[in-house]
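> Using our numbering, read the sequence shown as starting at 3 and increasing by one per residue.
Idealized CB from N, CA, C, for every residue including glycine.
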Amino acid sequence: MTKKALLVLAYGTPGSTERMRCYLSDIRGGRPMSDEFVNEFKHRYDLIGGSPLTSVTYEQAKRTGEELQRRGLDVAVYVGMRHWSPWIKDAVGQMYLHNIEQAVAIVMAPHYSKMSIGKYWSKIDEAQQLHGTNINFSFVDSWYRQSKFLEAVEEHIRAGLQKFPAEVRDQVKVVFTAHSLPERLKKMGDPYDDELQDNAKLVADRLGDIDWMFSYQSAAETGEPWLGPQIEDVVVDLAGQGYKHMLVAPIGFVCDHVEILYDIDIEATQIANEHGINLQRIESMNSTPLFIQAVVDAVQDKFDA
Numbered sequence: 003m004t005k006k007a008l009l010v011l012a013y014g015t016p017g018s019t020e021r022m023r024c025y026l027s028d029i030r031g032g033r034p035m036s037d038e039f040v041n042e043f044k045h046r047y048d049l050i051g052g053s054p055l056t057s058v059t060y061e062q063a064k065r066t067g068e069e070l071q072r073r074g075l076d077v078a079v080y081v082g083m084r085h086w087s088p089w090i091k092d093a094v095g096q097m098y099l100h101n102i103e104q105a106v107a108i109v110m111a112p113h114y115s116k117m118s119i120g121k122y123w124s125k126i127d128e129a130q131q132l133h134g135t136n137i138n139f140s141f142v143d144s145w146y147r148q149s150k151f152l153e154a155v156e157e158h159i160r161a162g163l164q165k166f167p168a169e170v171r172d173q174v175k176v177v178f179t180a181h182s183l184p185e186r187l188k189k190m191g192d193p194y195d196d197e198l199q200d201n202a203k204l205v206a207d208r209l210g211d212i213d214w215m216f217s218y219q220s221a222a223e224t225g226e227p228w229l230g231p232q233i234e235d236v237v238v239d240l241a242g243q244g245y246k247h248m249l250v251a252p253i254g255f256v257c258d259h260v261e262i263l264y265d266i267d268i269e270a271t272q273i274a275n276e277h278g279i280n281l282q283r284i285e286s287m288n289s290t291p292l293f294i295q296a297v298v299d300a301v302q303d304k305f306d307a
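1. Residue 22 lies in the alpha helix (DSSP H); which residues open and close that run?
2. Does the distance from the CB of residue 121 to the CB of residue 84 come in under 8 angstroms?
3. Report yes if the C-beta distance between residue 109 and residue 119 is below 8 angstroms; otherwise report no.
4. Which runs of the beta strand (DSSP E) spanning at least 3 residues fall entirely within the region 246-305, listed in chain order?
5. Provide the residue(s) that pair with residue 12 in DSSP beta bridges, ordered along the chain.
6. Here's a check: name, in chain order, each residue in its chain whose Cβ is nearer than 8 angstroms to the Cβ of residue 75, leaving out the five neighbours to either side.
7. Report the residue ranges of all beta strand (DSSP E) runs contained in full by the region 97-178; include only those spanning at least 3 residues, in chain order.
8. Evaluate contact between the region 257-275 and the region 147-160, counting only Cβ atoms and requiring at least three cross-stretch pairs below 8 angstroms.
9. Within its chain, find whatever has a CB closer than 8 angstroms to the CB of residue 133; leave out the 5 residues flanking it on each side and keep chain order.
10. Any idea which residues DSSP pairs residue 213 with across the strands?
11. Looking at the strands, I want to know which residues DSSP matches up with residue 218.
12. What is the rounded straight-line gap between the Cα of residue 226 and the Cα of residue 185?
13. Between 60, 183, 176, which has its C-alpha nearest residue 224's C-alpha?
14. Just how far apart, CA to CA, sit residue 220 and residue 45?
15. Would residue 152 and residue 82 be called neighbours here (beta carbons separated by less than 8 angstroms)?
16. Grab me the residues of residue 261's own chain with a C-beta within less than 8 angstroms of its C-beta, minus the 5 sequence neighbours each way, in chain order.
17. Determine the extent of the alpha helix (DSSP H) in which residue 64 is found, giving its start and end residues.
18. Just to confirm the assignment, what range does the alpha helix (DSSP H) spanning residue 223 have?
19. So which of 154, 299, 247, 198 has the shortest CA-CA distance to residue 167?
20. Using only alpha-carbon positions, find the residue among 280, 272, 12, 136 that is nearest to residue 63.
21. Using C-beta distances below 6 angstroms, list every residue in its chain close to residue 217, excluding the 5 sequence neighbours before and after it, in chain order.
22. State the Cα-Cα distance for the pair residue 88 and residue 71, rounded to the nearest angstrom.
23. The alpha helix (DSSP H) with residue 186 in it runs from where to where?
24. Can the beta-carbon of residue 114 be found closer than 8 angstroms to that of residue 193?
25. Quick one, are the C-beta atoms of residue 245 and residue 175 less than 8 angstroms apart?
26. One question on the structure: do residue 58 and residue 107 come within less than 8 angstroms of each other, judged by their Cβ atoms?
27. Based on Cα-Cα distance, which residue from 32, 33, 36, 40 lies nearest to residue 18?
Okay, structure coming up:
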């Protein structure tokens, strides 16, 4: 009988701020960085009490595996990170030691880009070469159109609107967000931006009569243009239009981490406060049941193929 496995992937985060330079160096491919740059990221992590990304990803993987078992799919579940331990190469090595023959890999990010999701697949290929393995991998490239994912986002937005007084809910601007990437990718035909715009519209259509827009966030300073508009600019622009209430729905992220807990909850919220806007955010998906069902549906489609 073929031994099957699920490999759940995420970006990775350092276990402590003392390892921040090493972590950032891996992300930057070894390019030099100033102490000021490293200390800024340490400061952000200190403000949020450290990133829970690794622990949340393990919980997501655990619950996904349990639901697969309930559906009759007996698969081992592994976790691999792109930029920190548990490294993808180590996860693939363990799969080899456990004689895994067939596997499905899914990144905890629903939208495909060659620069993001594509790099995870490259890491798996590199790991297979390193270990001399030939595990038959199937990759879940994009899964934002899973009906239960759309339903989960819709539910979280409806719950988020309850954070505002009833008399102003029809005045709330819903702003969908995702991590920005360099503009050149879109010019090269990368589907990332199109998928995000499609995702936002699909959810907005489910919600009905809402006032919404899409924005990017967390762009890096690399000297080249990144996809926009950026959330900071959107806040200022909305204030200029007279908006007083704003609900951020970060559809590009599926768990709490620094881009949520700092970039939105601290940085964007501070800008909003300075401009007279009450900014709220929907709760992250994390390991909520409907979200896990969406992940399982996406994975099961690959196992059944």
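The answer reads as follows:
1. Position 20 of the sequence shown, counted from the start, is the residue given in the question as residue 22. Segment 22-29, the alpha helix (DSSP H) holding residue 22.
2. Walking along the sequence shown from the start, residue 121 turns up at place 119. Walking along the sequence shown from the start, residue 84 turns up at place 82. Yes, the Cβ-Cβ distance between residue 121 and residue 84 is below 8 angstroms.
3. Taking the sequence shown and counting its residues from 1, the one referred to as residue 109 is at position 107. Taking the sequence shown and counting its residues from 1, the one referred to as residue 119 is at position 117. Contact flag set, yes.
4. 247-251, 280-283
5. As a position in the sequence shown, residue 12 is number 10, starting the count at 1. DSSP output for residue 12 lists 83 as bridge partner(s).
6. Taking the sequence shown and counting its residues from 1, one reaches residue 75 at position 73. 6, 302, 305.
7. 104-109, 138-142
8. The answer is no - the region 147-160 does not touch the region 257-275, with fewer than three Cβ pairs under 8 angstroms.
9. Residue mapping note: residue 133 aligns to position 131 of the sequence shown, counting from 1. Hits under 8 angstroms: 91, 94, 95, 98.
10. Walking along the sequence shown from the start, residue 213 turns up at place 211. Paired residue(s): 175.
11. Stepping through the sequence shown from its first residue, residue 218 is reached at position 216. Answer is 180, 232, bridged to residue 218.
12. On the sequence shown, residue 226 is found 224 positions in, with the first residue counted as 1. On the sequence shown, residue 185 is found 183 positions in, with the first residue counted as 1. If I take the Cα positions, the gap works out to 8 angstroms.
13. Position 222 of the sequence shown, counted from the start, is the residue given in the question as residue 224. That would be 183, whose Cα lies nearest to the Cα of residue 224.
14. Taking the sequence shown and counting its residues from 1, one reaches residue 220 at position 218. Taking the sequence shown and counting its residues from 1, one reaches residue 45 at position 43. Roughly 16 angstroms between the two C-alpha positions.
15. Within the sequence shown, residue 152 is the residue found at index 150, counting from 1. Within the sequence shown, residue 82 is the residue found at index 80, counting from 1. Going by C-beta atoms, residue 152 is not nearer than 8 angstroms to residue 82.
16. Counting from 1 along the sequence shown, the entry for residue 261 is found at position 259. Only 181, 219, 220, 252, 255 meet the Cβ criterion.
17. Here the question's residue 64 lines up with position 62 in the sequence shown. Where residue 64 is concerned, the enclosing alpha helix (DSSP H) stretches over 55-72.
18. Translated into the one-based positions of the sequence shown, residue 223 becomes position 221. Careful: residue 223 lies outside any alpha helix (DSSP H) and carries neither H nor E.
19. In the sequence shown, the residue the question calls residue 167 occupies position 165. Answer by Cα proximity: 247.
20. The residue labelled residue 63 in the question sits at position 61 within the sequence shown. That would be 12, whose Cα lies nearest to the Cα of residue 63.
21. For this step, residue 217 is matched to residue 215 along the sequence shown. Cβ neighbours of residue 217 beyond the five flanking positions: 177, 179, 231, 233, 236.
22. Residue mapping note: residue 88 aligns to position 86 of the sequence shown, counting from 1. Residue mapping note: residue 71 aligns to position 69 of the sequence shown, counting from 1. Roughly 24 angstroms separates the two Cα atoms.
23. Counted from its first residue, the sequence shown places residue 186 at position 184. Residue 186 -> alpha helix (DSSP H) spans 185-189.
24. One-based indexing of the sequence shown puts residue 114 at position 112. One-based indexing of the sequence shown puts residue 193 at position 191. In contact: residue 114 and residue 193 (Cβ atoms closer than 8 angstroms).
25. Taking the first residue of the sequence shown as 1, we reach residue 245 at position 243. Taking the first residue of the sequence shown as 1, we reach residue 175 at position 173. Yes, these two residues count as a Cβ contact at 8 angstroms.
26. What you label residue 58 is simply residue 56 of the sequence shown in a count that begins at 1. What you label residue 107 is simply residue 105 of the sequence shown in a count that begins at 1. The answer is no: Cβ separation not under 8 angstroms.
27. Sequence index remark: in the sequence shown, residue 18 carries index 16 (1-based). Nearest of 32, 33, 36, 40 to residue 18, Cα basis: 40.
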